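Per my numbering, the sequence shown starts with residue 466, numbered consecutively.
Ideal Cβ placement from N, Cα and C applies to all residues, glycine included.
Values in this document were obtained by computation on a predicted structure and should not be read as measured data.
To keep things clear, I will list the structure first and then write my remarks on it.
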Amino acid sequence: MASTTDMEKQPLLDADHAVATDGPEPTLAELQSNIFTAQRAYMKAWSRTTSGKWHRRIMFSVTAFLLLVAAACMAFIVTDSLDDDRPFPGRVPLEAHIMSRCPDARDCLHDMILPAMQEISHKVDFKLSYIGNSTTDDGVSCRHGQSECLGDIVELCAANLYPDPQVYLGFVMCMTRDYEDIPDRSLVEDCALEHGISMARLNKCAIDDDGAVGMDMLKASFNRSSNAGVEKSCTVRLNGHVRCVRDNGTWTDCEGGSTATDLVHDVMEQSRLNWEAYANAA
466 MASTTDMEKQ
476 PLLDADHAVA
486 TDGPEPTLAE
496 LQSNIFTAQR
506 AYMKAWSRTT
516 SGKWHRRIMF
526 SVTAFLLLVA
536 AACMAFIVTD
546 SLDDDRPFPG
556 RVPLEAHIMS
566 RCPDARDCLH
576 DMILPAMQEI
586 SHKVDFKLSY
596 IGNSTTDDGV
606 SCRHGQSECL
616 GDIVELCAAN
626 LYPDPQVYLG
636 FVMCMTRDYE
646 DIPDRSLVED
656 CALEHGISMA
666 RLNKCAIDDD
676 GAVGMDMLKA
686 SFNRSSNAGV
696 EKSCTVRLNG
706 HVRCVRDNGT
716 WTDCEGGSTA
726 TDLVHDVMEQ
736 SRLNWEAYAN
746 AA
C-alpha cells in the first residue's frame, strides 16, 4: 500500500481531466469550463488527503470553540442583567381618566391624546381609566346615568380584549365622537367594524357571568381614578402626576401646555430623564 506521503505527491488530476494539447485552440468559454472542472476535481482530491482531513478537523474545532465563547458571553450578559437590582425605566406611564358620555372626554381624546399617541405610542404605557362611583348595594353610578356605565363597560371590554392602544383607543374615540348615542348597539357595531373588533367578543365580555365580569372591571377602574384623586373628565396624568385637565370646555392645570405637541415634548423629556437616572445608578 502506498504511504500517505506518496499519495499526497501523486497527481490530483487523472487522465480524464487532463487538458489536451493537440487539436483546435479552445474558446474562452471552454477554457473557463475546463478551469472550473479542474478546480472542483482538485478540491475533491485534496479533501481525501491527510491534509484535507486535518483542515476539516481544524475548521470544525475552531467553529465549535467560537460557538462556546459566544454562548459563554451570552450567559454572562444574562446573569449580569438578572443581578442588576436597578429598576428598569421602561415606558413612561400616561393615563387619561374619562367618562364615556362626556363632551370633555371627546375633546381631550381628539385634541391631545390621539395625535400625541401617533408619535409616542412606543414611549408610553398608556391606560384609559373611568370616573364614577360604587354604590352600597354593590352597584355603580355614573354622572351621566346608567347608559354611561354601560358605555364604560363596553370600552373597558375593548381595551381588555384588544390591549393595543392603536386598536382600542381608536374604538373609544369612534364611540366618543357620538357620545350622546352611547351605548346604542348600532354605534357600537359601526365602531367595532371600523376598528376590527369582534362584536361577539364584546358582548360576551359585557354580559359574561350575568354581567359580573364587566361590572368588576368598571369598579376597579373607578377605584383606580378615586385612588389617584381624579374627579374630572378628562384628566391626563403623566408619570403619576396630573399633566392637564379638560373641564367644561376649558383646559386647566396644564403647566406644560395643552396641545398634543406639548404632551409629546414632555413624554420625550421624561423618557430621557428616566434613562439618565437608570444609567447614573450604575
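Quick check on the burial criterion: 16 or more other C-beta atoms within 10 angstroms. Buried or exposed for Glu720?
exposed
Return the CA-CA distance between Ala742 and Glu584, expressed in angstroms with no decimal places.
23 angstroms
Buried versus exposed call for Met577 [16 or more other C-beta atoms within 10 Å across all chains shown]:
buried
What do you reckon, are the CB atoms on Val701 and Ala570 nearer than 8 angstroms?
With contacts defined as CB atoms closer than 8 angstroms, Val701 and Ala570 fail to qualify as a contacting pair.
Rounded to a whole number of angstroms, what is the C-alpha to C-alpha distance between Asp549 and Ala746?
For Asp549, the predicted structure reports a pLDDT of 47, less than 50, and the residue's modelled location is therefore unreliable. The matter cannot be settled from this model.
Sequence-distant residues of the same chain with beta carbon closer than 8 angstroms to Thr724, five excluded per side
Asp576, Met577
Close-in-space but distant-in-sequence residues of the same chain around Ser736 (CB under 6 angstroms, 5 per side omitted)
Val557, Lys588
Can you say whether Ser565 is buried or exposed, counting buried as having 16 or more other CB atoms within 10 angstroms of its CB?
Ser565 comes out buried.
Spatial neighbours of Leu738 within its chain, please: C-beta separation below 8 angstroms, excluding the five flanking residues on both sides.
Nothing listed; no residue qualifies.
When the Cα atoms are used, what is the spatial distance from Phe525 to Gly555?
42 angstroms
Who are the Cβ neighbours of Val732 in its own chain at under 8 angstroms, not counting the five residues just before and after it?
Val557, Leu559, Ala581, Ile585, Lys588, Val589, Leu703
Span of the beta strand (DSSP E) holding Pro580?
Premise fails: Pro580 lies in the alpha helix (DSSP H), 579-585, not in any beta strand (DSSP E).
So is Leu533 buried or exposed if we call it buried at 16+ other beta carbons inside 10 Å?
exposed
Look at the alpha carbon of Gly676 and the alpha carbon of Asp718, and state the distance between them as a whole number of angstroms.
37 angstroms
Where does Ser736 fall in DSSP's three states?
Helix.
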